[in-house]
Amino acid sequence: MSVFISTHQEGYTPKFLSLKVFMEKWIIGMQQDSYGALIFPIPNGQGILVPLHILKEDLLNEQEQYE
29 MSVFISTHQE GYTPKFLSLK VFMEKWIIGM QQDSYGALIF PIPNGQGILV PLHILKEDLL
89 NEQEQYE
């Protein structure tokens, strides 16, 4: 992550974010702002663009396996 940040978002540093906060606050806010989620970005800028409603559904499904 730090390589992506240092090459794409100068001045930003990665921070810890709980899954609960990400699911309850960030995904909703990102949807309202019409953002998407780039999963597994690599330094050349490529990654998998996942619609946020699918990311949230996938995370919920994965989380059920640990309950």
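Residue numbering for the sequence shown follows the numbering used here, beginning at 29 and increasing consecutively. Heads up, the beta-carbon is just placed ideally off N, CA and C, and yes, glycines get one too. None of the values given here were measured: they were computed from a predicted structure.
The C-beta separation of residue 75 from residue 66 comes to about 4 Å, placing the pair in contact by the 8 Å criterion.
DSSP, reduced to helix, strand and coil, places residue 70 outside both helices and strands of the structure shown, so it counts as coil.
Measuring C-alpha to C-alpha distances from residue 90 to each of 41, 47 and 42 identifies 47 as the nearest. Under the DSSP assignment, residue 77 falls in the beta strand (DSSP E) whose first and last residues are 76-78. Comparing C-alpha distances from residue 85 to each of 43, 39 and 50 shows the shortest one belongs to 50. As the crow flies, the alpha-carbon of residue 52 is around 12 Å from that of residue 87.
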